[in-house]
Structure formats: C-alpha cells, structure tokens
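First up is the structure itself, then whatever we jot down about it.
Protein chains: 2
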Amino acid sequence: MIQPISIQNVRWTGGFWAQRAETNRKTTLPALFKQLEKAGNVRNLELAAAGKKEGYSGPLYMDSDLYKAMEAASYALIHHPKYPLRKQLDSIIATLAKAQMPDGYLNSFYQVSQPGKRWTNLRDAHEIYCGGHMVEAAVAYHEATGETRFLEIARRWSDHIDSMFGDGAGKRIGYCGHPEAEIAFMKLYHATKEKRYLELARHMVEKRGSKIFAGEHGVQLEHYDGTYWQDNVPIRHHTTAVGHAVRFAYLIAGALDLAMETHDSSLLEAARLMWHNTVNKRAYITGGIGNSAHNEGFTADYDLPNVSAYQETCASIALYLWSYRLMMMTGEGQYADAMELALYNGILSGINLRGDMFFYVNPLASRGEHHRREWYACACCPPNIGRLIASLNQYVAGVSEQAVWIHHYGSCVIHAEAAGAPARWTMESDYPWREKVLLRVESDSPRAYELRLRAPGWCPKPSVKVNGSAVRALLERGYLVIKREWRDGDQVELTLPMPVTKREARPEVAADQGRIALQRGPMVYCLEERDQRAPLERIRLPLNAKLEPKWEPHLLGGVVTLLGEGRVAAEWKGDALYRNAEPLRPTPVKAIPYYAWDNRQACPMEVWILGA
Amino acid sequence: MIQPISIQNVRWTGGFWAQRAETNRKTTLPALFKQLEKAGNVRNLELAAAGKKEGYSGPLYMDSDLYKAMEAASYALIHHPKYPLRKQLDSIIATLAKAQMPDGYLNSFYQVSQPGKRWTNLRDAHEIYCGGHMVEAAVAYHEATGETRFLEIARRWSDHIDSMFGDGAGKRIGYCGHPEAEIAFMKLYHATKEKRYLELARHMVEKRGSKIFAGEHGVQLEHYDGTYWQDNVPIRHHTTAVGHAVRFAYLIAGALDLAMETHDSSLLEAARLMWHNTVNKRAYITGGIGNSAHNEGFTADYDLPNVSAYQETCASIALYLWSYRLMMMTGEGQYADAMELALYNGILSGINLRGDMFFYVNPLASRGEHHRREWYACACCPPNIGRLIASLNQYVAGVSEQAVWIHHYGSCVIHAEAAGAPARWTMESDYPWREKVLLRVESDSPRAYELRLRAPGWCPKPSVKVNGSAVRALLERGYLVIKREWRDGDQVELTLPMPVTKREARPEVAADQGRIALQRGPMVYCLEERDQRAPLERIRLPLNAKLEPKWEPHLLGGVVTLLGEGRVAAEWKGDALYRNAEPLRPTPVKAIPYYAWDNRQACPMEVWILGA
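Residue numbers (this note's numbering), protein chains in the order written: chain A, 1 to 612; chain B, 1001 to 1612.
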C-alpha cells in the first residue's frame, strides 16, 4: 500500500505543470468564481441564508459547482496563503454557515425552490452529491488553513445524513443517484478520525444496487433498469463499465477509499475487474471514458466513435481518481499509466491554454464546429479541471514502507518521509517534452530504501544512472526499482526515450479501422486542418511514414509538434459518388498535441488518421 | 424517345441470363407459389371468394405478393406456353373472379378481415397498391395468353377506383400510402387504350403531396410530416430522395410512365433531378438504395453505412424501373448504367444461386449472421425479383425512329422493327464475364439506321468492328452509334475491356473512408472470409495491389473471381485496446462477385476493403 504525499509536501518549481498551476491559480480559478457569481451559484446560497423561498436560478446541482471551485481555491491556498480568492472563500463560508439549517441540512435548491420536499428524490436531485462536494471543499479548506469553521458545517451536514441514512434503527437505506459522497465521507473520516463517516461511506457503497430508486419513483421492479445510476446490481457484481461514466468512476473511487481503509480485497478485485473492462474495452486512446452522449456514459465494448465521442472532462478526471486509488493499493504502473494518459490528453483538452474556456465534451474528431466555452448551464467540468490542476501535486509521489514512489514527472520538490526519516527529493525535467528526468536527494543521514520510478508503458527502454553511472534497475510491475543507501546529494538520471509511435486500435473498434493515431511520450497527437496543406478528409498517413518531433516554443504555449511526410488523396472533381481510386501524392503533415487543439482559429481536427 | 421491344420479341439463347431465366422458371416461380400457398396468400382470396369473414392470415398486403408472382409466371408463359404454373394461375384467376365484389372491389384483407371498413386508411392499408399489382399481373397475363378474363377483373377494379377517386364531381382525392398503382394504371391504359386509366394515374401523381393522410388520420397539418409516404410536397417539389425507398422510386417510375405519354417535360426534369440526388448522393456502389432500416428508406446525403445497409431488394428493383424510364425518355447511357449496376449487384444478390432463397435486406458487409431465407412475413422481395428476371428480356433492347438500341448484353435474339422493316438481331456474349459481344443482323432488305450500343460507364475503351473491320463509332451520351445501311448477315463485334478497377467513395461517405471496392465490368466484388487466409477484419488491400481475374467454372455456378496480393495485419495478442501499429504482411486475397455471396457456409463478408 502506497501512502500519499500531501500537497503541502510537493511544490512545483518549473516546467509544464508549474506553468499550468500558475495559469490555474491566476486565471482559471478567478474565472470560475466570476462565472459562479454570474450564473447565480453564490446568490442561490445567499438566498438560502436569507431564508428566501424564491429566486433560485440554474439546475438543481448548482451548489456542487461552487463547492468544487472552493475546493480548488483551497488547494491553491496551500502554497499561496495570501491568495486573493481567500476573501471570497471566507465570505461564501460565512454564507454557508448562515444558510445551514439547525438540523444540518444545507442545499440551496431545496431550501429556496422546493422547501419541504427534501429527501424525496435521491435518484435525481443530487442532494447528497452536492453535500459531498461541500465536504470535500471543507476538508481541503481545513487542510489549507487549519481553520475548522467550514469543516464544522460539513460535519453538521454529514451528521444530518448519518441521522437519516444507514442500517441503524429509524434510518433508511440511502445513496445518491450521483455517487461522489462516498469519496467525501472517507475524506471526512480521515480528517476527523470519526468512524461514523467511514460507516456512511460503507453504507452507500454496500447498499448501492438495492434498487431503492425503483420504489422512490414508483417503478415496478420488473420494469426497473437502474444501470444508469449503477443501481442495477450490488457493486461487486459489475463486470463491465455501465451507465453514466462520471457516476460509475466516482462510485468505484469512493469504494476503493473504503477498501483501502478496511482492507477489503473483494472490493479491490471487483474494482480491478471493472477497470480492466473500462480501460481495455471502453476507453479512448486519449485516456478518457464515456463514449455516448445519450447517457453521458458507456454503451458496449469497443463502441468508440470519434466525432460523436462524449469523453466528458469530468469522466476522464473520474477515471484518473479511480486509477490513482488502484495504483496506491497495488503499486502497479498500469494504473499510473492510465492516470497519465488521461491527464495529458482527455483531461487537459478540457481547458484552453489561456485557462478560461472549457470543453465539456471532448471529441476525437471534429468537423470544425466544436469549441470550448466560458461556461455551461451544466457547469461541472470547469471547476473539476480547476481542482484537479490545483491538487495535482498530491498525485506526483507517494511513499510505502521501504520506498519512495514517483508517479508523475516534472520539476518539483518533494518532501518525503523515507525509511523513517525526512528526505527531500528534487526533480527537474522538461517532461513531457523531453526524455530526461533528474532527481537529487537531500537528507540528514544515509538511509537504505527503494526509489521507485514509474516506467511508463509507452516507453520502450527506460534507463537509469545513479551519480553518473548506469545502473540496472529492476522493472517491477511498471516501476523501476533502485534500492540503495541514499546519501545526501545522490543524483539519479532517468532517461525515458520518447520515440514517435503510430498506434492502432483493435479491429473490434470499427471507428478506428484502417486508422493510425500518433503518440510521443504520454502525449497523443492530432491533426488540425490549419496545419495541413489539404483538407483533413484527404490526408493519409502511411504506416511507414517518418515523423520527427520538433520543439516549437512559440506555438500553442510551447509544444513538441510532429512533422512528417503524409499522403494526400486527389481532389474530388464532379458529382460522382464513386470513382476509380486515384493515387495518393506526398504531402507534409504536422501533428500537435491533442490537448492543445481548438486554441487557434476553428478548423476540423482528428486524432485517428486514415492509413495509406 | 425509345420504344420498348416486348418480351415476345426478345428470347434468351444462352449465357448468364438464359441460365437465370431457366432457374427462375423452374425453381424460383414454383417455390414462390408453394410459399404463397403455405403462407395463406392464396387461401385469403379463397376465403374472400367464399364470402368468409374470418381466417385471414398475414399482413394486410398479402394479395400483392401473390399478384407479383402471377405477373412473373405470366411473363414466363410468353416463351413457354406449356408452362406448368399456368394451371395454378388460371385457378387463382377463377378465385379472383369469384372474390371480386359486384362493384369491382377486391381485397382479401378488407373482405375477410375488416368488412365494411374499406377505403378508410389509404395511408397504411396498401389497398390501391394491392390492386395495382393485380392490374400489372392481369396485363401481363393478357399479353402472354391473349385471354381477357383476368384483364376484365382488373378493369372492373380500376373502374371502381375511378368511381371513387379523382377530380370529378362526387369523387375524392385519393392515392395510396404505397405508390405503385400509377405504373399499373398506365399499363392498363396501354393495354386498353382507355384514357380514364391514364387520368387515374395522372390524378395520383399530380395530387400526391396534398397531405390527405393528415386528414385521414386526424393529424393537424402543422404536426404532419408526410415524407415517409412522399406526401409532404407535390412531386415536382422534391429535390432529394426521401422517405421509404421503394415507394419513392415506384412513384417516380409511375410519374415517368405518365410523362412519357403526356410529353410532360417538367415531370421529366423533376425526375432527373431526384435521380441525380439519389444516384450521386444516396446510392450504394452495388447500385441499390435505401440506406436505413428505420424507415426502409433514405436519410441524408452520403449516409451509407455498410453493415447496417438496408438496400432492400425491392428498392433496387424500383430504382431499376425508374432508371429504365429515364433512359427510354432521354437515350442517356447513365440511366442504363444505373440499371445494370443495380441488376448485377444489389438486385441479383437478393436471390441465391439455386433460386429458392431470398434476401430482403442486402448489406454491404456482414459479420456472418445475415442470410437468405425461404420466405418472409413481409414477402415483397421474393416475387419482385422473380418477376424482374422473368421480364428481363424486355429491358435488353429498344427502338427509336432511326435506331436500334442495345441496353443490356448477353446471348439472345431480338426481333426489332428497324426503319420500318423487321430486323432480327442475334447477340452472342459471355457477358458479364467476357468482354466480347457479337451481333449479327438478318433482314430481308438493306436498311439504313443506327445501331446504338451502350458503352458502359465503367468501360475505359470500348471498340467496335463491323464485318471484321474496326470502325470509329461516335460515342453519344453513353451509346456508341454505328450508322450504316445494314444488310442481311452484317456482323458487329463489340469489345468492352473489363479491367479490374479499384473504386473509392467520396470523402463525405464516412463509412467508406480509407476503403476500396473492387469492380470488373458491371460486377462489384466482395470478400468472403472463407476465401481468405485470415479473418476479414485483418485483411487490407493496397491501392497498387495487382488483381487478376480468373474464370472459375465450378465455383458459385461459374464466376470470374479476382485474385491478388493483399496484406494481412498482425494478429492481436493480449487484451490491450491499442498497440503500436504493426507492419502488414502479404497475403493472397480472393474476391467473388457480390451477388454470389452467402451461397456457401456462413462467414463474414465485405464489399469495402480497408486500404493499406
């Protein structure tokens, strides 16, 4: 079992993620709060605080978007205590304190818009979900400031939930149509050490699949299909990814938080099985999930359309969170690989380079009509990517009894507790663009332990030098293990060769047949039509095309592009629907990282390029 | 304007179509009558004849399937007066005579199952449609036998229609949800020279789009969408192919029968426009139409899925009939090209080689689960292909004032009236397998006229010899024109080079992107998995692959196969959804004509082969 190293103990010092963390702090989070003010999320709570019974605006889960932004701002506070958003945070917390009802209930939609109707629609009302996000925000705020005001609100709300739902006398089975609170209650348990919050999480994980939504909505059991809400079967009975993608992945992430604490191996095994189905049969090459707009979720194995790919930003984040927990529990690099793939591709595409516009849906091909927007009526994704970037430090490294683990590469300083003593590991790297990662340790006294460096699945031949000499590091389930007595000043040089690779999908994936995707390092690439000399629909890429990476510091905030010789199909002349196939001619082709698309003038884009 | 040469005057003497005509006569038509007995189509009419009010079986258009089979058997009678099915025909005609009501009404569904409810549901009940098929059968029977019994039944029924529907006093606007009777009334007009049948056809063509089905079904006009029945706009207002494909094409075929007789150029122009949209944006490379199962019809330009292609046999036949009329009116080879393409591919695939099993739906790719069946609950296609093959002679050749036209090639004798005198043209050819067509004329005296030989659009360089000497024939709108004084014994040798061609679809056709189809002569090819050394999903065909035709007399009733070197993708090992693209290796590939697929053990099939 790997233990996390908290945000406090990992600080970006430069490179790819320091730049993004700064944009997030300086542009994205302020933009979120501005939008949340404008859309009415803050005012809804002010109305509740003032006891108003009208004027609520937006969908019923408006509170949750605000809470996610508050959580994000709290993370930003950790390394920047004078962060200006603190004022806003504190003001909203004061509003929450006023709005919370004497019994702990807090939900602006029900308090303002539907007084007296609370707890009548667990399936659709997102009531527990909203509160869960408040709990996460409160725990983050407490972690950042040490202050307990917000945490107390969260506890009172959680105690209210505890008084209503559970196995005890006078309680009823309860869980939310949208899972999330499972994660929240486990966080609250860790923050307070109060077991009843763990029990709440356990209740919601274990009872799920009891089909309570059937009774709640007067649906006869024989006509009830709870799949969308993962209420069709008990959690351990799932073998495939089903229903709404964010709900599915949040549920399992929460279940794993529980399993980690309770050492529940059956829950872990079930989660591994579901993950296997998800990643090997229902995930995009860009690391995201949820192929269908219809249910914002899953359909069938290998059904992975590109133009109509849903791949909601939140779903990719949820898969990231789920994979993280599996990695922590198993120490297996495949889970960290999935985190990295989602992070640099399906997640990062969710935000523009400037940091103030967002994708909700992340297609893998576009005819040029799909663009990021400043805000959405359903605005779950913008604050979600804000809080992930704000908290990314915590996913960089971990410790176990005999090892320090590095999961993500970049430039940062990590304060770890290694083999019972503090060790300060400094990492420097132009990752994900360059293949070198330099690590240096500072510690008071020599200590023997393992340094476990993730060897990404995409990397054909990682190599390691220690203090300038090549060492043969054992590759153990996706991590290179360097075991030695580490002394102050020891240096490790990790080289992760990043050849440009052409990727193909299993033949079962109809949408990708005959097509090639490009990847270098963790970055999946795409073609934007504006970079080509012909319309995308005429561009082909031979299997043996040579592609060279090129660092372009002034393009798209600095990216490595891929340049090579593709083929172009002859222009179609006349009206005929079919013609004798015409030969292809060479044409230069330029690919950019997928995350960076739609940051220039609108044009068609594709990840999967037709072969030739 | 080209005039038809009737079935009487064209007799198959050998080759591809003589063989199929024989199979049709000896196997298919007897099988149809057997199935029609078994399914209750005959009994339904017997019940009506006996005045029964119960016991009707099958869908409400059962009569029409029987009539189509009767029409087919009548055509077969023309060259085979002792055809055993005659007895059955006569017995059914006797039943019809008994079943017909005093006012001329005849429809077993309404008479037996819904007495008193006739003419209450023009939209769905196929009432006029069924009668129209009876009229077509009656005209064919009259043509074959000279007897008028059946024709009289048809006339009485038509007079009944005439008494109900039309523009005159006491009549109402009427047309059928399923067009067809327009063709029938024009045939009856030609058989009887009675103008009121032409007027009936005119009424149904011209009034269509009056949205009468809205009123009939109590749908408010603002909520009414008559597209499925082509009842959304007047016929001349259509610019694209819409709604149910068979209905659409039958309607236009009937309208053109009318336009031919009335010299209606605006109707002709509308039909040409619709044809252009159909063939250049909404037709399969196999010549068929109707891409969607949902409406058995059209959806949008370039929406041409392969596995889920509907391409109903009847729809391809309907396009054949529609194209025939345009060709007759314009003398343009493009229409005959469409007839030929549909005939050898989308239509002929509708029946197995033995002649007793049928496709209703003709997909362009199959995972191995799509098979012909002996019969269908909705059995429109089996008798329809039976009657087309039985009547194919009439589509082979035509005459105009100064020309004899050859549209289809094969071995047959054609008795034509050329330049005012009889001319007997004998054609000999192993078409569509071999490129030579020999023609010889017998006539009493030399006559000057043009022989117009269709130069198929697929043929790069047709050439002609007359009496052994090369001649430069003018190519005029798809026909080679050889004008001379034809003398008894003159010989023409037409050579139609048949290179194997690789075809590609416009980039707008998403389903075919990166794929190649094979064609030789009029034949579109497909791959059946059983002929390859690897599963179809791993087979690729490079743009420059060399393919050689091979005559295989013992395969599939004798076919030219295409053999060449394709590529095979490496087998997929393990569970991963994506992998680094692996090189392709050479593999022999064998293609068979599309029409001949699913005549051996079940296996996957595809027309559009992935490129490499």
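All C-beta atoms, glycine included, are put in the ideal place defined by N, C-alpha and C.
Predicted model, so just to flag it, every value in this text is computed and none were measured.
* Given a limit of 7 Å on CB to CB distance, which residues of the region 1442-1454 of chain B reach chain A? -> Against chain A - using a Cβ distance shorter than 7 Å - the region 1442-1454 of chain B contributes no residues.
* How would you write the range of the alpha helix (DSSP H) that E1565(B) sits in, first residue to last? -> As a working note, residue 1565(B) is residue 565 in the second sequence. From DSSP, E1565(B) is part of no alpha helix (DSSP H) but of the beta strand (DSSP E) over V1559 to V1568.
* Simplified DSSP assignment, three categories, for G1013(B) -> Here residue 1013(B) is taken as the residue at index 13 of the second sequence, counted from 1. The amino acid occupying residue 1013(B) in the given sequence is Thr; Gly does not appear at that position. Strand.
* Asked: Run through DSSP, which three-state label would Y1284(B) get?
  -> Residue 1284(B) sits at position 284 when you count from the first residue of the second sequence. Three-state result, Y1284(B): coil.
* Asked: I think I347(A) touches A21(A), with their Cβ atoms under 8 Å apart; what is that distance to the nearest whole Å?
  -> Position 347 of the first sequence, counted from the start, is the residue given in the question as residue 347(A). Position 21 of the first sequence, counted from the start, is the residue given in the question as residue 21(A). That belief does not hold up - the Cβ atoms of I347(A) and A21(A) are roughly 14 Å apart, past 8 Å.
* Along chain B, which residues have their Cβ under 7 Å away from the Cβ of R506(A)? -> The count along the first sequence starts at 1 and reaches residue 506(A) at position 506. For R506(A), the residues of chain B that pass the 7 Å Cβ criterion are W1572 and L1577, in the order they occur in the chain.
* To do: For Q513(A), go through chain B and note every residue whose CB falls closer than 7 Å to its CB, in chain order.
  => Here residue 513(A) refers to the residue found at position 513 of the first sequence. At a C-beta separation below 7 Å, Q513(A) has these neighbours in chain B: L1610.
* Counting only the same chain and skipping the five closest in sequence on each side, list residues whose C-beta sits under 6 Å from that of A591(A). => To locate residue 591(A), count along the first sequence from 1; it is residue 591. Taken in chain order, the residues that qualify are L518, Y525, L527 and L562.
* Asked: To which residues does DSSP link W1405(B) through a beta bridge?
  -> By 1-based counting over the second sequence, the position of residue 1405(B) is 405. G1398(B) and R1452(B).
* **Contact check, R156(A) vs V413(A), beta carbons under 8 Å** => In the first sequence, counting from the first residue as 1, residue 156(A) sits at position 156. In the first sequence, counting from the first residue as 1, residue 413(A) sits at position 413. Result no, Cβ atoms of R156(A) and V413(A) do not sit closer than 8 Å.
* Asked: Any residues in the region 593-608 of chain A with a beta carbon nearer than 8 Å to a beta carbon of chain B? Which ones, in chain order?
  -> The region 593-608 of chain A vs chain B, Cβ under 8 Å: nothing.
* Asked: With C-beta atoms as the reference, is E1340(B) less than 8 Å away from P1460(B)?
  -> Position 340 of the second sequence holds residue 1340(B). Position 460 of the second sequence holds residue 1460(B). No. Outside cutoff.
* To do: Using a threshold of 8 Å, state whether the C-beta atoms of Q100(A) and I153(A) are closer than that.
  => For the purposes of this step, residue 100(A) is taken as the residue at position 100 of the first sequence. For the purposes of this step, residue 153(A) is taken as the residue at position 153 of the first sequence. Yes, these two residues count as a Cβ contact at 8 Å.
* To do: May I have the straight-line CA-CA distance separating D531(A) from M357(A), to the nearest angstrom?
  => For this step, residue 531(A) is matched to residue 531 along the first sequence. For this step, residue 357(A) is matched to residue 357 along the first sequence. Roughly 22 Å separates the two Cα atoms.
* Taking only beta-carbon atoms, is K461(A) less than 8 Å away from chain B? -> Counted from its first residue, the first sequence places residue 461(A) at position 461. No, no contact with chain B.
* Which bits of chain B does E332(A) rub up against, with CB to CB less than 9 Å? -> Reading the first sequence from its first residue, position 332 is the one you call residue 332(A). Below the 9 Å Cβ cutoff, chain B contributes no neighbours of E332(A), its closest Cβ being approximately 15 Å away.
* Return yes when the Cβ of K1211(B) is within less than 8 Å of the Cβ of L1221(B), no when it is not. => Within the second sequence, the letter at position 221 stands for residue 1221(B). Within the second sequence, the letter at position 211 stands for residue 1211(B). For L1221(B) and K1211(B), yes; Cβs fall inside 8 Å.
* Asked: Does the separation of the CB atoms of E1565(B) and K1550(B) fall below 8 Å?
  -> Within the second sequence, the letter at position 565 stands for residue 1565(B). Within the second sequence, the letter at position 550 stands for residue 1550(B). Here E1565(B) is not near K1550(B), since their CB atoms are 8 Å or more apart.
* To do: Please determine, among P363(A), W17(A), G254(A) and G331(A), the residue with the shortest C-alpha to C-alpha distance to S292(A).
  => Within the first sequence, residue 292(A) is the residue found at index 292, counting from 1. Looking only at P363(A), W17(A), G254(A) and G331(A), the smallest Cα-Cα distance to S292(A) is reached by P363(A).
* From the DSSP output, in three-state form, read off Y1578(B) for me. => If you number the second sequence from 1, residue 1578(B) lands on position 578. DSSP places Y1578(B) in strand when its eight states are reduced to three.
* Separation of D1512(B) from D1303(B), as counted between CA atoms -> Translated into positions along the second sequence, residue 1303(B) becomes position 303. Translated into positions along the second sequence, residue 1512(B) becomes position 512. Counting only the Cα atoms, D1512(B) lies some 10 Å from D1303(B).
* In angstroms with no decimal places, state the Cα-to-Cα distance between A505(A) and R1579(B). => As a position in the first sequence, residue 505(A) is number 505, starting the count at 1. As a position in the second sequence, residue 1579(B) is number 579, starting the count at 1. Cα to Cα, the separation comes out at about 7 Å.
* Asked: Would you report the Cα separation of K1026(B) and L1045(B), rounded to the nearest angstrom?
  -> Indexing the second sequence from 1 puts residue 1026(B) at position 26. Indexing the second sequence from 1 puts residue 1045(B) at position 45. Spanning the two alpha carbons is a distance of roughly 25 Å.
* Asked: Would you call the CB atoms of E485(A) and A455(A) closer than 8 Å?
  -> For the purposes of this step, residue 485(A) is taken as the residue at position 485 of the first sequence. For the purposes of this step, residue 455(A) is taken as the residue at position 455 of the first sequence. One thing to note: E485(A) has its Cβ no nearer than 8 Å to the Cβ of A455(A).
* Can you name the residues of chain A whose CB is closer than 9 Å to the CB of P1549(B)? -> Residue mapping note: residue 1549(B) aligns to position 549 of the second sequence, counting from 1. Scanning chain A for C-beta atoms nearer than 9 Å to the C-beta of P1549(B) yields nothing, as the closest lies near 16 Å away.
* Excluding sequence positions up to five away, which residues of its chain have a Cβ less than 7 Å from the Cβ of G55(A)? -> Along the first sequence, read from residue 1 onward, the residue named residue 55(A) stands at position 55. Excluding sequence neighbours, G55(A) sits near L47 and V112.
* Quick one: does P583(A) have its CB under 8 Å from some CB of chain B? -> Indexing the first sequence from 1 puts residue 583(A) at position 583. True, the Cβ-Cβ gap to chain B drops below 8 Å.
* Asked: Is there a Cβ from chain B that is less than 8 Å from the Cβ of K281(A)?
  -> Within the first sequence, numbered from 1, the residue matching residue 281(A) stands at position 281. Taking 8 Å as the CB threshold, K281(A) lines the interface with chain B.
* To do: Determine the extent of the alpha helix (DSSP H) in which P382(A) is found, giving its start and end residues.
  => To locate residue 382(A), count along the first sequence from 1; it is residue 382. Per DSSP, P382(A) belongs to the alpha helix (DSSP H) from C381 to A390.
* **Alpha-carbon spacing of A300(A) relative to V242(A), whole angstroms** => Taking the first sequence and counting its residues from 1, one reaches residue 300(A) at position 300. Taking the first sequence and counting its residues from 1, one reaches residue 242(A) at position 242. So the two alpha carbons sit approximately 9 Å from each other.
* Count the other CB atoms within 10 Å of the CB of D103(A); is the residue buried (16 or more) or exposed (fewer)? -> Here residue 103(A) is taken as the residue at index 103 of the first sequence, counted from 1. Exposed is the call here.
* To do: Please name the residue in V1471(B), Y1335(B) and C1381(B) whose C-alpha comes closest to that of V1279(B).
  => By 1-based counting over the second sequence, the position of residue 1279(B) is 279. Shortest Cα-Cα distance from V1279(B) to any of V1471(B), Y1335(B) and C1381(B) involves Y1335(B).
* To do: Quick one: give me the first and last residue of the beta strand (DSSP E) that K436(A) is part of.
  => Translated into the one-based positions of the first sequence, residue 436(A) becomes position 436. Looking at the DSSP string, the run of the beta strand (DSSP E) that includes K436(A) is K436 to S443.
* Asked: Expressed to the nearest angstrom, what Euclidean distance is found between the alpha-carbon atoms of L1655(B) and P499(A)?
  -> Because chain B is modelled from 1001 through 1612, residue 1655(B) falls outside the range shown and cannot be assessed.
* To do: Have a look at D231(A) and H79(A) and give me their C-alpha separation to the nearest angstrom.
  => Position 231 of the first sequence, counted from the first residue, corresponds to residue 231(A). Position 79 of the first sequence, counted from the first residue, corresponds to residue 79(A). In this structure, the straight-line span from the alpha carbon of D231(A) to that of H79(A) is close to 40 Å.
* Asked: From the beta carbon of K546(A), is the nearest beta carbon of chain B less than 8 Å away?
  -> As a first step, residue 546(A) must be located in the first sequence, where it is residue number 546. Among the CB atoms of chain B, none fall inside 8 Å of the CB of K546(A).
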